[in-house]
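Visitor: The structure under discussion is supplied below as structure tokens; questions concerning it will follow.
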């Protein structure tokens with residue numbers, strides 16, 4: 002009987018795990034039963050990107066036993082632009098989560114130019130994926146893309162070394178995953 006208060010406290014702390022109507026999205030490790038992936042929080046400042054889910058019910062919200070999450074996926078585009086900084090060194094800028102490749106391309110060039118860089122040119126674009134930038138010990142920049150950040154990092158390091166780069170390190174990873182739009 003003396004363990005009853007402890008058991009009740011433990012049970013009360015787990016009540017939040019009981020599925021209910023979702024009022025918003027939340028971080029997850031990928032969608033589980035009754036959930037849909039609605040996007041990815043890009044993270045930043047040393048924080049890894051985090052999938053975001055929304056609870057739609059065990060039957061997917063359609064009421065007929067089939068998954069009908071009440072929304073749709075929208076492609077998102079990103080573009081990386083190379084440029085030259087005022088000291089003559091290589092640099093880059095980007096534009097992410099655009100609704101078209103043309104918007105991403107135009108945005109990346111505009112960002113490059115507004116940053117005071119010259120010789121701005123498109124380096125790479127991606128749809129629903131990630132672009133990784135690596136720098137080698139000589140200061141040369143390299144890029145490659147992947148379906149996700151992990152794949153992009155792996156590919157750009159391989160590319161950097163294949164181009165004769167020594168001491169290749171990841172400089173930055175830009176992610177532009179498809180976005181879930183709820184109805």
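Numbering (the working numbering), first residue to last: 2 to 184. We treat Cβ as the ideally placed atom computed from N, Cα and C, and that holds for glycine.
#1: Between which two residues does the beta strand (DSSP E) holding residue 174 run?
#2: How about residue 175 and residue 79: are their beta carbons less than 8 Å apart?
#3: How big is the Cα-Cα spacing for residue 160 and residue 83?
#4: Rank 163, 164, 100 and 133 by C-alpha distance to the C-alpha of residue 147 and give the top, closest one.
#5: Using alpha carbons as the reference points, say which of 27, 162 and 41 lies closest to residue 150.
#6: Return the chain-ordered list of same chain residues with a C-beta closer than 6 Å to the C-beta of residue 110, the five sequence neighbours on each side being excluded.
#7: By the three-class DSSP mapping on this structure, what secondary structure does residue 106 have?
#8: Can you have a look at residue 77 and say buried or exposed, based on whether 16 or more other CB atoms are within 10 angstroms of its CB?
#9: On the DSSP bridge assignment, give the partners of residue 53 in chain order.
#10: Using 8 Å as the threshold, is the C-beta distance between residue 145 and residue 156 below it?
#11: Please list the terminal residues of the continuous alpha helix (DSSP H) segment that includes residue 153.
#12: I need the straight-line Cα distance from residue 28 to residue 34, nearest angstrom please.
#13: Compute the beta-carbon to beta-carbon distance between residue 54 and residue 37, rounded to the nearest angstrom, for a pair I have assumed lies under 8 Å.
#14: Answer with buried or exposed for residue 127, where buried requires no fewer than 16 other C-beta atoms within 10 angstroms of its C-beta.
#15: Where do the ends of the beta strand (DSSP E) carrying residue 128 lie?
Guide: Looking at the atomic coordinates:
#1: 170-177
#2: yes
#3: 17 Å
#4: 133
#5: 41
#6: 82 and 121
#7: helix
#8: buried
#9: 28 and 40
#10: yes
#11: 150-163
#12: 15 Å
#13: 7 Å
#14: buried
#15: 119-128
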